[in-house]
Amino acid sequence: MSEKKELVVQSNRLVEASYRLTLVEQQMILFAICRAREEQLGLSADTLVTITAKDFATMFGTNENTVYRDLKAAMVKLFERHVIINDTHPESGKPRISKVRWVSRASYIDGAGAIQLRFANDMIPFITRLESEFTRYRLEKIGNLSSTYAVRMYELLVQYLSLGKREFVIVDLRSTMGVSEEYPRIVDFKKWVIDVAVSQINAHTDITTSYTQRKTGRNVTHLTFAIKLKAPDKPKKPKIDRAYVEKHALPGESYDAAFSRLKTAQNRPVTSLF
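Quick note: the sequence shown uses the numbering used here, first residue 126, plus one each step.
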């Protein structure tokens, strides 16, 4: 597998669409998009994208002993899945709601440890166009997320990273996250969906986020998320102890001179350790 970073490009309309996938299904779709780009296959109604269990396990850190079984099970479910797309009917100008299948073909290859999928023709425009409305992020940024809610929330938030915040109407956010009928109490929705997503995003991705709630009358109707790119990790400075000084001393250099030089290189005041 190529060492270059995997890039996911999706239409914002798809990112904001309403659908519910398992974590493996979600990872599989994103990985397939990346693999098609990496191998310059070009996504069309004729493109079969192959994903090996080994590559999938490497990307997402999953159990190599069970990953093929999990991919097979996910392929069976994915073949029945659809996404609800909201747009405008071009002739009438009226709101249009469409159900679009993710894939038109789902195959698994016993003995080869691989699965193949073909995106449905109506889905392809949402994952192949390279215009400014698209959200781009590195697949590795979500590789350590274990919650499907965290993956969906990350996608929704990185769209607005440049603005630094995004507000959601809660009823719309429930639909987008695929939990319109679950967690009817706001306290449960926050506990089992939002808080889980925020915790994992902050721990495992390149952004940090927090949220506040807004009421309309007595009811909480909106959630506003603050979004910030994490600062690059600063390299840890080594501890300048006797063993470190002796190891890094130059030929013929005294201990005191080596200690002073190494401390100065760290831009720290020179003080004795012993």
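We treat Cβ as the ideally placed atom computed from N, Cα and C, and that holds for glycine.
Query raised in the report: E256 by DSSP, collapsed to three states: which one?
Result: Locating residue 256 in the sequence shown gives position 131, counting from the first residue. Bear in mind that the predicted position of E256 carries a pLDDT of just 40, short of 50, making it too unreliable to give a figure here.
Requested in this report: Write down the C-beta distance between G268 and G186 rounded to the nearest angstrom, noting that I regard them as a contact closer than 8 Å.
Outcome: Taking the first residue of the sequence shown as position 1, residue 268 is located at position 143. Taking the first residue of the sequence shown as position 1, residue 186 is located at position 61. Sure, about 7 Å apart at Cβ, within 8 Å.
Requested in this report: Note the first and the last residue of the continuous alpha helix (DSSP H) segment covering R277.
Outcome: Taking the first residue of the sequence shown as position 1, residue 277 is located at position 152. Segment T273 to V283, the alpha helix (DSSP H) holding R277.
Query raised in the report: Using the C-alpha atoms, what's the distance from D212 back to A322?
Result: Reading the sequence shown from its first residue, position 197 is the one you call residue 322. Reading the sequence shown from its first residue, position 87 is the one you call residue 212. Looking at the two C-alpha atoms, the distance is approximately 27 Å.
Query raised in the report: Which partner residues of H329 appear in the DSSP bridge assignment?
Result: Residue 329 sits at position 204 when you count from the first residue of the sequence shown. Looking at the DSSP assignment, H329 forms no beta bridge with any residue, so it has no partner.
Query - Cβ pair count under 8 Å reaching 3, the stretch 267 to 287 against the stretch 195 to 204 - result: The count of Cβ pairs closer than 8 Å, one atom from the stretch 267 to 287 and one from the stretch 195 to 204, stays below three, leaving the stretches out of contact.
Query raised in the report: Assuming A351 contacts T330 under a Cβ cut-off of 8 Å, what Cβ separation, rounded to an integer in Å, is found between them?
Result: For this step, residue 351 is matched to residue 226 along the sequence shown. For this step, residue 330 is matched to residue 205 along the sequence shown. Rounded, the Cβ-Cβ distance is 15 Å, inconsistent with contact.
Report task. Could you tell me the distance, in whole angstroms, from the CA atom of I222 to the CA atom of I210? Result -> For the purposes of this step, residue 222 is identified with residue 97 of the sequence shown, where counting begins at 1. For the purposes of this step, residue 210 is identified with residue 85 of the sequence shown, where counting begins at 1. Going by the C-alpha atoms only, they are around 6 Å apart.
Requested in this report: Could you tell me the distance, in whole angstroms, from the CA atom of I182 to the CA atom of L155?
Outcome: Counting from 1 along the sequence shown, the entry for residue 182 is found at position 57. Counting from 1 along the sequence shown, the entry for residue 155 is found at position 30. Residue 182 is actually Ala in this sequence, not Ile. For A182 and L155, the distance between alpha carbons rounds to 14 Å.
Report task. Rounded to whole angstroms, what's the CA-CA distance from E306 to V312? Just pull it up for me. Result -> Translated into the one-based positions of the sequence shown, residue 306 becomes position 181. Translated into the one-based positions of the sequence shown, residue 312 becomes position 187. Straight-line Cα distance between these residues: approximately 15 Å.
Report task. Please specify which runs of the alpha helix (DSSP H), each continuous and at least 4 residues long, are wholly inside the stretch 341 to 366, giving them in chain order. Result -> none
Requested in this report: With a cut-off of 8 Å on the beta carbons, I'd call K326 and Y279 a contact; round off their distance for me.
Outcome: On the sequence shown, position 201 is the one that residue 326 refers to. On the sequence shown, position 154 is the one that residue 279 refers to. Reading the sequence as shown, one finds Ile at residue 326 and not Lys. So it is a contact: roughly 5 Å between Cβ atoms.
Report task. For V296, count neighbouring Cβ atoms within 10 angstroms of its own Cβ and tell me buried if that reaches 16, exposed if not. Result -> As a first step, residue 296 is located in the sequence shown; it is residue number 171 there, counting from the start. With fewer than 16 Cβ atoms within 10 Å of its Cβ, V296 is classed as exposed.
Query raised in the report: If we call anything under 8 Å between Cβ atoms a contact, is V283 one with Y308?
Result: Here the question's residue 283 lines up with position 158 in the sequence shown. Here the question's residue 308 lines up with position 183 in the sequence shown. Cβ atoms of V283 and Y308: not closer than 8 Å.
Query raised in the report: Can you name, in chain order, every residue of its own chain whose Cβ lies under 6 Å from the Cβ of R299, other than the five neighbours on each side?
Result: As a first step, residue 299 must be located in the sequence shown, where it is residue number 174. Take R299, set aside five residues on each side of it, and the residues of its chain with a beta-carbon closer than 6 Å to its own are S305, in chain order.
Requested in this report: Return the residue from the list T341, V208, T389 and I234 that minimises the CA-CA distance to L196.
Outcome: To locate residue 196, count along the sequence shown from 1; it is residue 71. Closest in C-alpha terms to L196, from the list T341, V208, T389 and I234, comes I234.
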